[in-house]
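Report on one structure; see the data block that follows.
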Amino acid sequence: MEKEDNLRYIAALLLIASAITHTLQLFVFGFAWHQITAALYGAMYLVLGILLLKFKNNQIILILCIILPAIGGTLGVIRFIEMLTHEDVFNYFIVFHVIVDIIVVPICIYLLIKLRSNK
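Going by my numbering, the first residue of the sequence shown is number 1, and it counts up by one from there.
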């Protein structure tokens, strides 16, 4: 396997794992509106992860895998701070999700650059 294939596989698996934990946090922290919104965002990560595995050289999917996790990571940090300050809850799921976003975004940027340079 090429390095790019390995990186794509890692990014896709991290997105899928993040999708699963986005849903699991509903059962740990309850069904508040921000938990449900996060679970829906997680469903989008599941779709992105599967598409990233299925379509190897698709620029649109790579761009979505850059933009949406960047937005998700930013919102995750805001949500984490809000939960910590207002509800006094330390949500480890959010920490994991932000770490995944921090890993996935640069991988997908690298993959997009490599894809564009090969054309």
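C-beta: ideal position from N, C-alpha, C; glycine also.
Small disclaimer: the values here were computed from a predicted structure and weren't measured.
Residue from the options with nearest C-alpha to residue i
{"i": "residue 51", "options": "72, 41, 64, 21", "result": "64"}
{"i": "residue 19", "options": "38, 105, 46, 104", "result": "46"}
{"i": "residue 89", "options": "17, 25, 39, 7", "result": "25"}
{"i": "residue 27", "options": "13, 91, 104", "result": "91"}
{"i": "residue 15", "options": "35, 73, 36", "result": "73"}
{"i": "residue 109", "options": "86, 93, 59, 98", "result": "59"}
{"i": "residue 100", "options": "2, 22, 5, 6", "result": "22"}
{"i": "residue 66", "options": "12, 31, 85", "result": "12"}
{"i": "residue 54", "options": "2, 32, 42, 9", "result": "9"}
Three-state class that DSSP yields for residue i in the structure shown
{"i": "residue 89", "result": "coil"}
{"i": "residue 119", "result": "coil"}
{"i": "residue 2", "result": "coil"}
Minimum length 4: unbroken alpha helix (DSSP H) runs contained in the segment 14–74: 33–54
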